[in-house]
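Visitor: Got a structure for you, questions after.
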Amino acid sequence: MEKVEIGLSGFAYPMPCALVGVDVNDKPNYLTIAWFTMVNSKPPYLGMALGKARYTNQGIKEKGSFSVNIPSSDMAEVTDYCGIVSGDKSDKAQEFTTFYGKLKTAPMIRECPYNLECRLVETVELPSNQFFIGEIVAAYADERYLTDGVPDMKKIDPFVLSMADARYFGIGKYLGKAWDMGKKFLAKKQ
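Numbering (my numbering), first residue to last: 365 to 554.
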């Protein structure tokens with residue numbers, strides 16, 4: 365089957381969904397994001413791209429911190445809401461129970477199964493976005509979402525964004541152990 369060029373509307377595909385938490389003018393605010401990823405392992409750094417006009421950016425710069433909260437699929441509706449309404453016009457924090465961790469300046473969402481607390485390390489100016497890099501200083505999870513002390517994706521039940529057609533999807537079934545399945549493939553080749 366031949367590949368066809370589909371244009372640039374698909375971007376990186378698919379993208380995990382999260383809620384960024386920041387204090388803006390000393391009030392918690394949450395914004396939906398899908399453009400985020402790990403960018404360093406030791407120390408653990410997370411990077412995320414936000415449009416330059418976002419209200420959330422002000423809080424990240426003011427406090428030098430932010431959180432990344434991973435919602436479960438049953439939170440898809442409120443997560444989407446947080447991406448279409450600006451925090452300068454609506455108090456989105458009232459939709460959640462907010463808590464703070466070590467930094468005391470990065471609000472997190474208790475209802476989200478998994479939370480990352482980050483200290484801002486660097487801001488990269490891009491043509492239409494700002495790319496924030498944060499060091500993960502703490503990770504939090506409700507015990508019911510852990511298996512053997514590790515976050516369990518099946519229990520967390522996160523969801524992804526298909527940017528090209530603006531749809532959310534659940535993650536699906538377990539396929540196999542990372543850094544192990546490839547060994548089986550390699551053994552077959554030898």
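Yeah, the Cβ is synthetic: ideal placement off N, Cα and C, and Gly gets one too.
Only a predicted model underlies this, so the values are computations on that prediction, with no experimental measurement involved.
So who's on the other strand from V514, going by DSSP bridges?
Guide: To locate residue 514, count along the sequence shown from 1; it is residue 150. T511, per the DSSP bridge assignment.
Visitor: Residue range of the beta strand (DSSP E) that T461 falls in?
Guide: Your numbering for residue 461 matches position 97 in the sequence shown. Counting along the chain, T461 falls outside any beta strand (DSSP E), and DSSP gives it neither H nor E.
Visitor: Report the option in K519, R531 and M472 whose CA atom is closest to the CA atom of F430.
Guide: Here residue 430 refers to the residue found at position 66 of the sequence shown. Nearest C-alpha to F430: M472.
Visitor: Kindly identify the DSSP beta-bridge partner or partners of P392.
Guide: Here residue 392 refers to the residue found at position 28 of the sequence shown. In the DSSP output, where bridge partners are listed per residue, P392 has D387.
Visitor: Can you tell me the Cα-Cα spacing of K466 and P522, whole angstroms?
Guide: As a first step, residue 466 is located in the sequence shown; it is residue number 102 there, counting from the start. As a first step, residue 522 is located in the sequence shown; it is residue number 158 there, counting from the start. Approximately 25 Å between the Cα atoms of the pair.
Visitor: What does DSSP give as the partner residue(s) for A503 in the beta ladder?
Guide: Sequence index remark: in the sequence shown, residue 503 carries index 139 (1-based). In DSSP, A503 forms a bridge with L480.
Visitor: Using the Cα positions of V524 and E486, report the straight-line distance between them to the nearest angstrom.
Guide: Your numbering for residue 524 matches position 160 in the sequence shown. Your numbering for residue 486 matches position 122 in the sequence shown. Spanning the two alpha carbons is a distance of roughly 26 Å.
Visitor: Since T469 and D387 are thought to touch, with beta carbons under 8 Å apart, how far apart are those beta carbons, to the nearest angstrom?
Guide: Stepping through the sequence shown from its first residue, residue 469 is reached at position 105. Stepping through the sequence shown from its first residue, residue 387 is reached at position 23. That belief holds up - the Cβ atoms of T469 and D387 are roughly 6 Å apart, short of 8 Å.
Visitor: I need the straight-line Cα distance from N393 to K425, nearest angstrom please.
Guide: Reading the sequence shown from its first residue, position 29 is the one you call residue 393. Reading the sequence shown from its first residue, position 61 is the one you call residue 425. N393 and K425: Cα-Cα distance of roughly 14 Å.
Visitor: Please look up how many angstroms separate the CB atoms of P408 and E499, rounded, as I've assumed it's under 8 Å.
Guide: Position 44 of the sequence shown, counted from the first residue, corresponds to residue 408. Position 135 of the sequence shown, counted from the first residue, corresponds to residue 499. Indeed they touch by this definition, with Cβ atoms about 7 Å apart.
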